[in-house]
Amino acid sequence: MPVKLKYGTKTSIAARSKGVLHSRLFRITLIACLGVLVIGSLVFGYFYYHYQRVVDDRLASGPIFASVSQIYAASPQVRDGQKLTANAIAAELRQAGYNANPKLGTFQLNGDNIFIKPGAESFHNTDGATINTSDGVVQSITAENGVALSAYELEPQLITALSEDKNRTKRRLVTYQEIPPRLVQAIVAIEDRDFFNHGGVNYLRIAKCAVADLVTHHKTCGGSTLTQQLAKNLFLSPEKRLKRKMIEVLITFQLEARFNKQQIFEMYANEMNLGHRGSYEINGVGEAAQAFFGKNLSQLDLAQCATLAGLLQNPSYRNPYRHPERAMERRNVVLDTMVETGAITASEAARAKAEPLLLAPPNIDASEAPYFVDLVHDQLVQRIGDQDLSHQSLRIYTSLDPELQRAASEAVEIGMRNVDEIVRKQHKTPKGEKPGPITYPQVALIAIDPHTGQVLALVGGRNYAVSQLNHAVSQRPTGSIFKPFVYAAAYNSSLNGMSLGDGGVFTALTKLNDEATTYTDASGNEYTPRNLISGYKGEVTAAFALAHSLNAATIELGQMVGFNNVASFARASGITNARGTPSVAIGTYNASPIDMAGAYTVFANNGVHLNPWMLASVRNANGDIVSDFSPEARQVMDPRAAYLTQSLLEGVMNYGTAAAVRGHGFTAPAAGKTGTSHDAWFAGYTSNLLCIVWVGNDDYTDIKMEGAHAAAPVWAEFMKRAILLPQYSDVKPFTPPEGVTTVRIDKTSNLLVDSTCPSDSFYAAFLDGTAPVNTCSQMGENPQNFIQKIFGVGGNKPSTPETTQPQPAAGAPIVRQAPNTPPDGNAPDTTQQPEQKKKKNIFQKIFGGGKDKDKQDKQQQDKQQPAQPVQPPPQ
């Protein structure tokens, strides 16, 4: 029987063929995918282990953040009887890190008492003390062992760290535990909400950002987690490319594998840039807290934490000093995200939004003393000899007083605004003319302790961010602030037996000729010094000559002493460029403001010269001493001569060219001297603070301002602020040494004041036996002979001469300011280097020939009358 075979239809055959094709395609696709996966895995594995080695090498090379050397201020001292509260002491210790870092130290505040216990890492030893205060005054200081102390030093404040690199980066390292929880919450809320949960990469966020970038054609979307941002900052460039993003992910995996979340956050918080201040880049939240708020990180409130978190994105655009409205807007966005994440409540956010930014003063000179820090670094290099000081983890303890530094910066800022106004008036452009460029002067201020040489405050320029040139160490002609050294040399030489003036003994009443006098140098060239501002005054007393800064009279005194002797004394006092020419007497040789600060210590410190110092001690990270530094001191003049010169400088302050200081409201006992060359100077001091101010142009052009108008107001602003600080408030009158007497002199007769004299008088100091013995009411009676003049005997003895000390207590009025302050007539004319004066002959010297003496005496009396009488101190 035949068999019938059935063949499939064309449709079924095609279906089978298509199935086979699909199967083959699937197998091919599967193989291809497996191949890609294998190749991808191999490539990923290669790059994973490659960047694992990169990370390993980076971590093996040392800590991610090297501990930089840190610079500390001087130890604040609490004294028995000082105006200070226990709360203020606690605030000082809290600022230094006590209680927050028990290893550094702790304190316990109990009402008006505070117990202080330094820790193992303290600058001081661990001996504690209890300070008792009452009514804002320190009543007693008691050591732990019960011994009564007269003073106790607190922990030094951290000023700043040395910059890490040539890019001038600053960073203060903090641990995760030192970061306020509110700051952690703020950063996580605004930057990476799921940070503590994800594995380092937020794939969904990256995908959304990729789509957004493709649509907008702008690579502006973020998408990176905190770990990715850290990987980019530590290992990669900021460019936005696919390859860089892939490498970023690989490094992120490495970081997540090696560190826990707290460690990653700590690194992130220390690494991220938050903008700049001045010429320094600010990296890390620790440095940012100090830079923007002047606080330790632990002291930030909610609003300040949100502000810092907001700066992480585009910090320059939101710089709170330049763009406060942008910073506040971003801060408020951060607060809203914190509400969304449940970190804070809506009411807490509302209160924080209502808070102003509360930024630290914008002047970096006030908080970080950058000119001072630069000098400290330079001195370290000279003394320790290692250029890479920044990365040695040194603790560098210095002389700086942060409160006084702030006062100095404020005074410079206020004073230079006034100087700028004067400059603008000088350059007033006539109508129809195009205004030309205006050069605004630079400034330097240095304040030291006159009894130790400790540099307490230093401002080296107007704005460190604009110019890092430190004018505090720039060499400039000193002008008339040098003149006191001529008078000091005269006193010192007189004490050593040199015959000067009438009777041989130099005093405040020694007569000097302030008149046109011609000098001739070795080549026969003639030179005549002039008082370019005040004109010639004829015969004047030494006190009057210095008070009114008379050039001709001072050069004559310099010739009497010997110009070489004057220069030698100046060099011993630290003015090393001085040379023995007539022009030395009026300050034509260069010195820096810091040199002059040291030089003036000879007057303020009983004839002992002190080199200004900034470095106290250098220690390593363990607190071991690397190097200690001792101040240098040497006796350069007799203490009596120092006080006698100081007495003349008090006269300059009270009725001479420096009387402008009194007009600016500074009334405490002080001595000082104005100076004018092409620059303006003021040098002055109280019983516990010495300050030098310089104002001048960098191009050495004449600022066309006297020291009384440019530098003295800055000095007055500074000193007014200084004496409000507890550590400088106890200003005392100057005390004469044994062998010196201070008396009151009638200006008309130059004799002692008694009850019958007019009130127009001044105080002057004399060596015992050299003061006048007659009073003004006895003028002309029983004059002394030559021998009596030498030995200070003879003549009618006054019954009640006044010998009151020249200065009242701090704050009491000293002078009644005349409408027109006496000009500083000291601008030198130094076209020649003279050597010899054309002298009067012997008969003219003996008999006074060549002059109408009676007329001259009358003129001199008229010239010595001021525009308005000096108000004498209370008796």
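Quick note: the sequence shown, position 569, residue 652 per our numbering, numbers continuous.
Beta carbons are placed, not taken as given, at the ideal position from N, Cα and C, and that holds for glycine.
Here valine 719 carries a coil assignment [DSSP, helix/strand/coil]. By the Cβ neighbour-count rule, valine 464 is exposed, with fewer than 16 other Cβ atoms within 10 Å of its own. Taking a contact to require three or more Cβ pairs closer than 8 Å, the segment 715-725 and the segment 678-692 qualify as touching. Annotated three-state conformation of asparagine 196 is strand, per DSSP.
Setting aside the 5 residues that flank it on each side, phenylalanine 278 is surrounded in the same chain by Val271, Leu309, each with a C-beta closer than 6 Å to its C-beta; the list follows chain order. Bounds of the beta strand (DSSP E) holding asparagine 215 are 212-217. DSSP, reduced to helix, strand and coil, places alanine 143 within a helical segment of the structure shown.
Under the three-state reduction of DSSP, glycine 739 is assigned to coil, being neither helix nor strand. The C-beta of aspartate 707 has fewer than 16 other C-beta atoms within 10 Å across all chains shown, which makes the residue exposed. Alanine 704 has its alpha-carbon roughly 12 Å from the corresponding atom of alanine 203. In terms of Cα proximity to tyrosine 480, the closest of Asp678, Leu539, Thr424, Arg276 is Leu539.
At least 8 Å separates the beta-carbon of asparagine 694 from that of glycine 543. Put simply, the backbone Cα of phenylalanine 817 is about 34 Å away from that of alanine 173.
Taking a cut-off of 8 Å on C-beta distances, the segment 770-788 does not touch the segment 124-133, as fewer than three cross pairs fall below it. Between glutamate 486 and leucine 808, the gap from beta carbon to beta carbon is short of 8 Å. Contact fails between the segment 584-598 and the segment 647-655, because fewer than three Cβ pairs, one in each stretch, are under 8 Å apart. Separation of aspartate 503 and threonine 769 (C-alpha to C-alpha, rounded to the nearest whole angstrom) is 28 Å.
Rounded to the nearest angstrom, the gap between the Cα atoms of glycine 194 and isoleucine 529 is 38 Å. Pairing leucine 440 with threonine 390 gives a Cβ-Cβ distance under 8 Å. For isoleucine 334 and glutamine 311, the gap between their C-alpha atoms comes out near 8 Å. Residue state for leucine 773 is assigned as strand, using DSSP reduced to three classes. Annotated three-state conformation of tyrosine 134 is helix, per DSSP. With a cutoff of 8 Å on beta-carbon distance, glycine 758 and isoleucine 564 are scored as near each other.
A contact is defined here as three or more CB-CB pairs under 8 Å, and the segment 567-579 meets this definition with respect to the segment 625-643. Across the set Leu834, Ala848, Asp532, Ser842, the C-alpha of Leu834 shows the shortest separation from the C-alpha of serine 860. Threonine 258 has its alpha-carbon roughly 32 Å from the corresponding atom of cysteine 292. In the DSSP assignment, phenylalanine 845 falls within the beta strand (DSSP E) that extends over 844-850.
Using a 10 angstroms sphere on the CB of phenylalanine 127, the tally of other CB atoms stays under 16, which defines it as exposed. Taking a C-beta distance under 8 Å as the contact criterion, alanine 548 and glycine 361 qualify as a contact pair. DSSP, read as helix, strand or coil, puts alanine 794 in coil. The segment 417-435 and the segment 373-393 touch, with no fewer than 3 CB-CB distances between them shorter than 8 Å. Comparing C-alpha distances from leucine 629 to each of Ala573, Val856, Met679, Leu578 shows the shortest one belongs to Ala573. With 16 or more other Cβ atoms from the protein chains shown falling within 10 Å of its own Cβ, glutamine 488 counts as buried. Remark: C-beta atoms of valine 526 and histidine 554 approach each other more closely than 8 Å. Beta-bridge analysis with DSSP links isoleucine 111 to no other residue. Nearest to tyrosine 738 by C-alpha distance, out of Gln260, Glu431, Ser632, is Ser632.
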